[in-house]
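Trainee: One structure is given below, represented as structure tokens, and several questions about it will come after.
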Amino acid sequence: MSTSNVSTEGLQKLQSEYRLQLPVKLESINRDWLVICAEGWQDIIARRIHGTCHQLAASGEVFGFSLSSRYARNIESQLNHIFDVSYNPDSSIIDVLGVAIEQLVAHAMTEDAPEDSKDRRHGAAVLPDDLQTLKRSGDLHSEPLSKLPIFVVEEDVVLADQIVLEFVLLGYDARAVYSLAEFDTQLRGSKVAPAAIVMDIMFPGAANGGMDLINKLRQDQVLAAPVVFISAGDSFATRLAVVRAGGKAFFVKPIDQNSLIEKIESLVRETDPNPLRVLVVDDDLIAASVVCVVLEEAGFVAQALDKPAQIIEHVLDFHPDLVILDMHMPEVNGMEVAQVLRQHETGGEMPLLFLSAEADPVKRAAALNVGVDDFLVKPVNHDYLISAVENRAFRARQMAAKITRDSLTHLLVHGEITNQLIDMLFSAQRYSRDLCYVILDLDNFKNINDTYGHLTGDKVIKSLAGMLRRSFRRSDIVGRYGGEEFVVIMQDTKIDAAMVVMNRVREEFSRFVHFSDDDGSEFITTFSAGLSSFPQFSTVEKIQAQADRALYSAKNEGRNKVSMA
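Count the sequence shown with numbering that gives the first Met the number 0 and you get residues 0 to 564, in order.
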């Protein structure tokens, strides 16, 4: 037997042992944390949690459990700070730790996909049998909102932990760092680049310490992530320094945390695997294809269309962020196509660019008058084309996000959910695909508001929103229908598979411990859900109405249930 075979067999044996020990370690952490929640902070128990998390952080990635390492390292870091400053944490820090431990327990058993670790060989994730089947078939696919951490570098422990908690509740891996030296050490010693950084400018003994460190890290080529600066001071000189330091945004304390989250999310999405989409319309298919190649090499997803009469169908199917139109085409010209798009509900606000050899300034002005955003003259410099498309499309995506997302949860709002359902149903009908629509409602939510207050009620809503965002694929739609109601739309998913997924989320949420904003008292709550599907129901109205009926059935059967139409 070769040495390599021995090594492989030995690694597999260790992996098997690790897989058996991991649930025991998670149960130990959870049990110890419940003692702290019930009896108050106990340093000995906290250090026991720290020790177990340190082991998981060091070993998880080796055996193909990267999420275990990621979440355990987050807890270890937070506990390190508590031990370093020798104080009993207040309720806000307890909340942050509690959410971090809940994430560890919920996700640590998820094994890496084979393509994520070429040197590892391991078996399937430890899941119930029905979830194993779904995972193999691709019907169940939970993705993190960002695979990279967001660092909050702020000496004010309370503020830093509040910001981190907001991100954690939305499903991000956020980490608080309370000193410049600690952040410098973590960043230089880490093998994982951050997704984004929130950096205070002023630190004790260093009026511009945050900015100086960012400049140094960039000079040393250690940092490439986007940085958002925060400060108690506001002046033109400060804002200019932020610009010169490459800051993507600047917020003045007290910070509007919703605005900060929106900005960070937009920056994370810039580096997320959701490239901008461009539809190129030109009767000359070769010319359109050349433009597509230029854009695709720059990281866009581009599609060529040589039949302008099919543009509405392609917009509904392809969902472009921007459309490029030729001016002169047979049968229908570019200005007429632009006006058709502007009249249609899907293209009313979509950026439109003309790319044409037209040199007449009068005709070019006329094009701008019909709602076209810019006019590029052939032949166009490729760098200029890429820049023009990127700036217009990304700004439009940002504006659309502000209009279509709920300020509390950052999920899609009622009207946009319906718009997405229209588009997804169109695609499902065209390609004979399955589609599931879920409406869920928090049980007895009015009692939560009456008993614990509306601030606590908002936290419950945000915690459910975060769990939903973590539990579904990027291709699925998650929205807040209004109040305590949420909607999930799952593409390419049969209703039986959707039932399994929703019951798993329901059970996970029913175990989540919430805390009163007034006195810190603990409580749990649940939700009920109703499912409907295509092709069983073929119109938007029927799909929504049948899901509503199934929801009412779940409520009438005692709540904390999932029913299907």
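The C-beta atom is built at its ideal place from N, Cα and C for all residues, glycine as well. All figures in this text were calculated on a predicted structure; none of them were measured in a lab.
State buried or exposed for D31, treating a residue as buried only when at least 16 other CB atoms are found within 10 Å of its CB.
Mentor: buried
Trainee: Would you list, in sequence order, the uninterrupted beta strand (DSSP E) runs of no fewer than 3 residues that lie entirely inside the stretch 331 to 403?
Mentor: 351 to 355, 373 to 376
Trainee: For E521 versus V512, is the C-beta spacing smaller than 8 Å?
Mentor: yes
Trainee: Counting along the chain, where does the alpha helix (DSSP H) carrying Q302 start and finish?
Mentor: Taken as a continuous stretch (DSSP letters only), Q302 belongs to no alpha helix (DSSP H), being part of the beta strand (DSSP E) at 300 to 304.
Trainee: Provide the residue span of the alpha helix (DSSP H) that contains E296, from first to last.
Mentor: 284 to 296
Trainee: Using 8 Å as the cut-off, can you tell me whether the stretch 301 to 310 makes contact with the stretch 239 to 258, which would need three or more C-beta pairs spanning the two stretches below that distance?
Mentor: no
Trainee: Going by beta-carbon coordinates alone, are I92 and V197 separated by less than 8 Å?
Mentor: no
Trainee: Rounded to whole angstroms, what's the CA-CA distance from G481 to K458? Just pull it up for me.
Mentor: Those two C-alpha atoms are separated by around 15 Å.
Trainee: Please report the distance separating the alpha-carbon of D422 from that of D316.
Mentor: Their backbone Cα atoms lie some 7 Å apart in a straight line.
Trainee: Which class does F150 belong to by DSSP, given the choice of helix, strand or coil?
Mentor: strand
Trainee: Taking the straight line between their C-alpha atoms, what separation do you get for P319 and V388?
Mentor: 12 Å
Trainee: Should H409 go down as buried or exposed, given a rule of 16 or more other Cβ atoms within 10 Å for buried?
Mentor: buried
Trainee: Can you tell me the Cβ-Cβ gap for P440 and S532, rounded? I've got them flagged as a contact below 8 Å.
Mentor: Here residue 440 turns out to be Asp, not Pro, going by the sequence shown. Between S532 and D440 the Cβ distance is about 19 Å, and since that is not below 8 Å, they are no contact.
Trainee: Kindly indicate which three-state DSSP category I523 falls into: helix, strand or coil?
Mentor: coil
Trainee: On a CA-only basis, which of Q419, S76, D42, D382 is nearest L55? Give me that one, please.
Mentor: Checked all of Q419, S76, D42, D382; the closest Cα to L55 is S76.
Trainee: Beta-carbon within less than 8 Å of R510's beta-carbon, same chain only, minus the 5 sequence neighbours each way: which residues are those?
Mentor: I523
Trainee: Kindly indicate the opening and closing residues of the beta strand (DSSP E) around A173.
Mentor: 173 to 176
Trainee: Considering only C-alpha positions, which residue in the set A195, A223, R47 is nearest to I149?
Mentor: A195
Trainee: Enumerate in chain order the residues of its own chain whose CB-to-CB distance from T455 is below 6 Å, with the five nearest sequence positions on each side excluded.
Mentor: The residues are S515, D516.
Trainee: Excluding the 5 residues flanking A427 on each side, which residues of the same chain have their C-beta closer than 6 Å to its C-beta?
Mentor: L434, F533
Trainee: So does the stretch 157 to 172 actually touch the stretch 180 to 188, counting three or more Cβ pairs closer than 8 Å?
Mentor: no
Trainee: Using alpha carbons as the reference points, say which of S386, L266, D442 lies closest to A574.
Mentor: Nothing about residue 574 can be reported from this structure: the residues present for the chain run from 0 to 564 only.
Trainee: Identify which residue in L275, P307, M466 has its Cα closest to the Cα of T525.
Mentor: M466
Trainee: Taking one C-beta from the stretch 330 to 340 and one from the stretch 360 to 371 each time, how about it: are there three or more such pairs within less than 8 Å?
Mentor: Enough Cβ pairs lie closer than 8 Å, so yes.
Trainee: Quick check on DSSP: helix, strand or coil for D440?
Mentor: strand
Trainee: Using the Cα positions of A356 and L324, report the straight-line distance between them to the nearest angstrom.
Mentor: 12 Å
Trainee: Unbroken alpha helix (DSSP H) runs of length 4 or more, entirely within the stretch 190 to 273: which are they?
Mentor: 208 to 218, 235 to 243, 256 to 270
Trainee: Is it buried or exposed, A553, if we count other Cβ atoms within 10 angstroms and call 16 or more buried?
Mentor: buried
Trainee: By Cβ distance below 7 Å, which residues in the same chain neighbour L19 in space, the five residues on each side in sequence not counted?
Mentor: none
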